[in-house]
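Inspection log for the structure reproduced underneath, given as structure tokens.
Residue numbers (the working numbering): 98 to 618.
Here's what the structure looks like:
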């Protein structure tokens, strides 16, 4: 607010600003507007965070400023997906928080101004859906609509991750067009899946043909899976659950390799790229929502291992070569690992996840904190900084860290969080069928009480496998077991070795090149 407001994002090293809404998703920086002066993106993204922090004074100031100054009647070409999750989601969530029963705003000062802005933005979005397939263009000019000769290429996330924000907007305004457009696009996208129930990464919105057949759970696809399960939770439509269940089983069958998830060809299921991307770190949090906590625990620990190896989580890590990607060595303050840590702590109350959160916070303060804010890391091998503080750092990274340590906001409430970290309440009035799981008598939200810190299985390195009932016929995978990288247990270094299932101790690489418990401690 001191150095960048009312522009979009902060440049913390120089204490300047960038009007970056038109740059999001625009790697080549094409069609940049000449007279765009920002839309207070970081403020919009921060509103729900201010409420969670309990700073209602700044929340009210922010709502007041946006009510009087924000307009979307600007000649600016924006990415539909990015603008939806950041701006529309931020406005819808903040409106709900401004009008709930806690009376966070001075009575009479708020008259649905944020909802009016959200509805105006949603109407501008609708022009992107005017295609033969119903799949929306990835880019739209806020003032003029879809531009002449606009690209018809979009991503799976770009047209399959709109249902939460646009569905909520329809429920709040009574205008069904927003939800219908997003639902039509989602149904069309699902109809394009392969016989293996896999989807690709990029497609053509006019022809409905796939462009990139390789996909995983990372960039370009991640929030598609996330929004299927969250849409089911929020709206109670069985259709979303059926889609998600089929897609989740396919992911576990074709993408999973031990604790990792590689990419594969949607047509054959054969692996294409063996790589970890930082965006994949959201997956354990999604698995917690499904109830697959052991699998979530398994993957989360490996992401955290990579975090510890480099000090932060690099954007891309080549699993088959056990090395950083040569050009994608940056860390832009992403929230996904923190998000999954938050979900796993909520599910298990294991204090080991608190220790993880403390470690992440220490790294952020050590490597990224500067006088003007928090800077992205350009190269994790040198910790060279980049002059950019993304708005999602405030809307997600800081928010999930805070909620990990203080869940007061969640007491007696039940929320789902959008892919940008904006909370939406689970309401019976929004549900087609309200599952018993989400009735108030059976909520799974935080119960605020002082807890005595206890030793955890993770901290003590006590393996859950030792407490399982081995008399059962069905094999139960240990929650601590991490497979070696290779089926033949060959290795080049310790990073190729996993965690033993019998005692939860990390295996090491011998001089002969085999994984095992060679070190006696």
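Glycine included, C-beta positions come from ideal geometry on N, C-alpha and C.
State the DSSP-derived secondary structure class of residue i, mapped to helix, strand or coil.
i           : result
residue 619 : With the chain running from 98 to 618 in the structure shown, residue 619 is simply not present.
residue 569 : For residue 569, the pLDDT reaches just 47, beneath the cut-off of 50, and the residue's location in the model is therefore unreliable, although a value from the coordinates is still provided. In this structure, residue 569 counts as coil in the three-state DSSP scheme.
residue 312 : strand
residue 353 : strand
residue 588 : coil
residue 106 : strand
residue 528 : coil
residue 605 : strand
residue 482 : strand
residue 435 : helix
residue 579 : strand
residue 323 : helix
residue 495 : helix
residue 361 : strand
residue 111 : coil
residue 318 : coil
residue 596 : strand
residue 450 : helix
residue 459 : helix
residue 290 : coil
residue 503 : coil
residue 133 : coil
residue 427 : coil
residue 405 : helix
residue 295 : coil
residue 117 : coil
residue 551 : Residue placement at residue 551 is flagged as unreliable, the pLDDT there being 44, under the threshold of 50; the coordinate-derived value follows with that caveat. Looking at residue 551 - three-state DSSP - the assignment turns out to be coil, as it is neither helix nor strand.
Please name the residue or residues paired with residue i in a DSSP beta bridge.
i           : result
residue 170 : Residue 170 is not bridged to any residue.
residue 175 : 237
residue 512 : 522
residue 420 : 415
residue 470 : 467
residue 300 : 251, 307
residue 612 : 606
residue 329 : In the DSSP output, where bridge partners are listed per residue, residue 329 has none listed.
residue 368 : 361
residue 476 : 481
What whole-angstrom Cβ distance do residue i and residue j have, given they're in contact under 8 Å?
i           : j           : result
residue 330 : residue 523 : 6 Å
residue 199 : residue 302 : Actually they are not in contact, since the Cβ atoms of residue 199 and residue 302 sit about 41 Å apart, beyond 8 Å.
residue 490 : residue 430 : 4 Å
residue 139 : residue 101 : 7 Å
residue 172 : residue 132 : 7 Å
residue 485 : residue 179 : In fact, because the Cβ distance is near 15 Å, the residues do not count as touching under 8 Å.
residue 469 : residue 130 : Their Cβ separation, rounded to whole angstroms, is 26 Å, which puts residue 469 and residue 130 out of contact at 8 Å.
residue 436 : residue 382 : 5 Å
residue 464 : residue 474 : 6 Å
residue 282 : residue 189 : Actually they do not touch by this definition, with Cβ atoms about 18 Å apart.
residue 589 : residue 419 : 7 Å
Spatial neighbours of residue i within its chain, please: CB distance less than 8 Å, with the 5 preceding and 5 following residues excluded, ordered by chain position.
i           : result
residue 210 : 160, 163, 164
residue 149 : 496, 499, 500, 506, 520
residue 243 : 224, 225, 227, 234, 236, 237
residue 363 : 290, 291, 293, 295, 296, 297, 307, 310, 311, 312
residue 253 : 286, 296, 297, 298, 299, 300, 312, 317, 318, 321
Short of 7 Å in beta carbon distance, which residues of its chain neighbour residue i, apart from the five on each side in sequence? Order them along the chain.
i           : result
residue 287 : 340
residue 337 : 325, 328, 329
residue 344 : 294, 322, 325
residue 586 : 611, 612
residue 86  : Residue 86 is absent from the structure shown; the chain starts at 98 and stops at 618.
residue 433 : 375, 376, 378, 379
residue 572 : Reliability fails at residue 572, whose pLDDT of 41 lies under 50, so the model's placement of it is uncertain and the value that follows must be treated cautiously. Taken in chain order, the list of residues that qualify is empty.
residue 471 : 109, 430, 461, 465, 486, 490
residue 98  : none
residue 119 : 129, 130, 133, 173, 174, 175
Suppose the cutoff is 6 Å on Cβ atoms and the five residues either side in sequence are ignored; what does the same chain contact list for residue i look like?
i           : result
residue 251 : 235, 302
residue 603 : 596
residue 579 : 356, 595, 596
residue 216 : 270
residue 279 : 259, 260, 263
residue 186 : 262, 515, 517, 519
residue 370 : 360
residue 155 : 147
residue 477 : 407, 409, 411, 426, 428
residue 399 : 356
residue 257 : 283, 286, 321
Completely contained beta strand (DSSP E) runs for the stretch 196 to 271, where each covers 3 or more residues: 236 to 238, 250 to 252
Whole runs of the alpha helix (DSSP H) within the stretch 370 to 395, excluding any shorter than 4 residues: 380 to 387
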